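Take the sequence shown: its position 210, counted from the start at 1, is 823 in the numbering used here, and no numbers get skipped.
Every residue gets a Cβ at the ideal spot worked out from N, C-alpha and C, and that includes glycine.
Small disclaimer: the values here were computed from a predicted structure and weren't measured.
Notes follow the structure.
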Amino acid sequence: MTGSAGFIGGAVCAALRERGDAVVGVDVMLPLAHGAGEAPAGTHRLDVRDADDWRSLLEGVDVVCHQAAVVGAGVRVGDLPAYAAHNDLGTAALLAAMHEAGVARLVVASSMVVYGEGRYTCPEHGDQLPGPRRRDDLDAGRFENPCPVCDGPLDWALVDEDARLDPRSAYAASKVAQEHYAAAWVRQADAAAVALRYHNVYGPRMPRDTPYSGVAAMFRSSLERGEPPVVFEDGGQVRDFVHVHDVARANLAALDAVVDRPGGSWETYNVCSGQPVTILDVARLVARGTGTGTGVEPRVTGQYRLGDVRHVVASPRLAAERLGFRAEVAPEDGLTAFATAPLRHQVV
Numbered sequence: 614m615t616g617s618a619g620f621i622g623g624a625v626c627a628a629l630r631e632r633g634d635a636v637v638g639v640d641v642m643l644p645l646a647h648g649a650g651e652a653p654a655g656t657h658r659l660d661v662r663d664a665d666d667w668r669s670l671l672e673g674v675d676v677v678c679h680q681a682a683v684v685g686a687g688v689r690v691g692d693l694p695a696y697a698a699h700n701d702l703g704t705a706a707l708l709a710a711m712h713e714a715g716v717a718r719l720v721v722a723s724s725m726v727v728y729g730e731g732r733y734t735c736p737e738h739g740d741q742l743p744g745p746r747r748r749d750d751l752d753a754g755r756f757e758n759p760c761p762v763c764d765g766p767l768d769w770a771l772v773d774e775d776a777r778l779d780p781r782s783a784y785a786a787s788k789v790a791q792e793h794y795a796a797a798w799v800r801q802a803d804a805a806a807v808a809l810r811y812h813n814v815y816g817p818r819m820p821r822d823t824p825y826s827g828v829a830a831m832f833r834s835s836l837e838r839g840e841p842p843v844v845f846e847d848g849g850q851v852r853d854f855v856h857v858h859d860v861a862r863a864n865l866a867a868l869d870a871v872v873d874r875p876g877g878s879w880e881t882y883n884v885c886s887g888q889p890v891t892i893l894d895v896a897r898l899v900a901r902g903t904g905t906g907t908g909v910e911p912r913v914t915g916q917y918r919l920g921d922v923r924h925v926v927a928s929p930r931l932a933a934e935r936l937g938f939r940a941e942v943a944p945e946d947g948l949t950a951f952a953t954a955p956l957r958h959q960v961v
């Protein structure tokens with residue numbers, strides 16, 4: 614397990630240990646996301662980018678579950694080297710070390726950001742692929758993607774795993790690179806791998822109040838300060854929010870599956886709740902869970918980030934059919950409960 618001291622990696626480790634699996638955790642904890650705290654018991658605090666320090670830990674390992682990554686939307690242009698180093702070089706170093714150690718099965722954490730914009734349909738012209746949104750449209754509050762053919766309104770639809778990859782941010786580009794490295798390793802090493810494309814993950818132990826954590830945690834932190842949650846654009850962006858306990862279950866299913874896959878097998882799966890929700894409703898659900906109910910209405914600002922996409926909602930069908938994975942926590946329940954769930958320490 615790499616990234617085991619992180620939010621998702623910790624949940625996966627706990628689930629593996631609960632069912633009796635032996636787990637070796639390897640992690641580099643970035644202060645921006647984890648602070649200066651100690652690594653959890655049973656975790657080797659090492660740098661995933663420097664395989665010489667931890668290659669010996671692969672002895673006797675059947676399958677690696679790779680969660681380590683710098684996350685977020687790419688808050689600054691200066692973040693580019695961090696994404697390339699931790700996400701891409703770290704993955705490449707891991708794959709090379711696995712091959713040297715004879716470990717040929719992998720589950721890698723990917724993200725829905727690899728799709729860029731989601732799937733759109735025009736009532737008149739069918740499926741359409743809009744380009745990146747223009748700054749002048751965003752400045753004018755025109756947030757929806759128009760049809761490239763008729764300039765009319767587009768409806769969002771569910772994204773399948775065979776959709777074109779079209780990263781729109783530095784983080785997204787690094788996740789696409791991770792997938793490509795893993796897919797190349799599968800072919801070159803006669804190995805097998807599963808990439809899990811997480812949608813918006815939330816739940817206990819999430820980092821607190823940092824732009825590198827999820828939007829649900831940022832909404833909660835605003836409410837704890839007595840401030841209304843700040844919602845970008847008009848709040849109508851549609852996403853899928855999946856609870857970390859469901860993500861851990863998806864990893865267990867993928868680990869069990871990849872062990873039995875033949876060499877040369879490369880599979881990708883959406884990991885989502887299957888229950889789309891708008892960002893404005895996410896803020897309202899978290900507010901409801903704090904006990905403020907509708908007393909604190911989110912503040913919709915019209916701000917935007919150029920790397921953000923308008924709508925991206927995935928289909929859960931393939932993961933259900935081939936991994937037997939179906940999310941159990943509905944966003945309406947999970948996001949409300951998240952308002953009082955324990956978070957990781959304050960990041961400074």
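Give every residue of the same chain whose Cβ lies closer than 6 Å to the Cβ of residue i, excluding the five residues on either side of it in the sequence, and list them in chain order.
i    : result
A795 : V721 and A806
G816 : H856 and V857
A664 : A706 and A710
Excluding the 5 residues flanking residue i on each side, which residues of the same chain have their C-beta closer than 8 Å to its C-beta?
i    : result
V676 : V716, R718, L719, V720, L868, V871 and V872
A627 : A861
A943 : S886 and Q888
K788 : A682, N700, S723, S724, V726, V727 and P780
T953 : G902 and T903
H738 : C760, V762 and C763
Let me check one thing: in DSSP terms, what residues is residue i bridge-paired to?
i    : result
S724 : Y811
C735 : G739
D768 : T734
S878 : A805
L719 : V677 and A806
H699 : DSSP, once it has assigned bridges, lists no residue as partnering H699.
T828 : A small correction: the amino acid at residue 828 is Val; Thr does not occupy that position in the sequence shown. Its beta-bridge partners do not exist; DSSP assigns none.
P759 : P766
What do you get for residue i, buried or exposed, if any count of 16 or more other CB atoms within 10 angstroms of its CB means buried?
i    : result
E934 : exposed
R746 : buried
C760 : buried
P955 : exposed
P820 : buried
E880 : buried
Does the ligand SAM have a heavy atom nearer than 7 Å to the CB of residue i?
i    : result
N700 : With respect to the ligand SAM, the structure offers nothing, as it holds no ligand at all.
Against chain B, with Cβ distances strictly below 8 Å, would residue i count as a contact?
i    : result
L719 : Although the question refers to chain B, the structure presented lacks it and comprises just one protein chain.
Here's a check: name, in chain order, each residue in its chain whose Cβ is nearer than 7 Å to the Cβ of residue i, leaving out the five neighbours to either side.
i    : result
N758 : E730, Y733, P743, R746, L767 and R923
L671 : A710, M711, A714 and V716
Task: Minimum length 3: unbroken beta strand (DSSP E) runs contained in the region 791–822 - done: 805–811 and 813–815
TODO: At 3 residues or longer, and completely inside the region 671–697: list those beta strand (DSSP E) runs for me, N to C.
DONE: 677–679
- [ ] Taking only runs that begin and end inside the region 890–944, name each unbroken alpha helix (DSSP H) of 4 or more residues, in chain order.
- [x] 892–902 and 930–935
TODO: Inspect the CB distances between the region 669–684 and the region 762–773 and report whether three or more fall short of 8 Å.
DONE: no
Open item on the list: Which runs of the alpha helix (DSSP H) at least 4 residues long sit entirely within the region 838–885? Give them in chain order.
Closed with: 857–872
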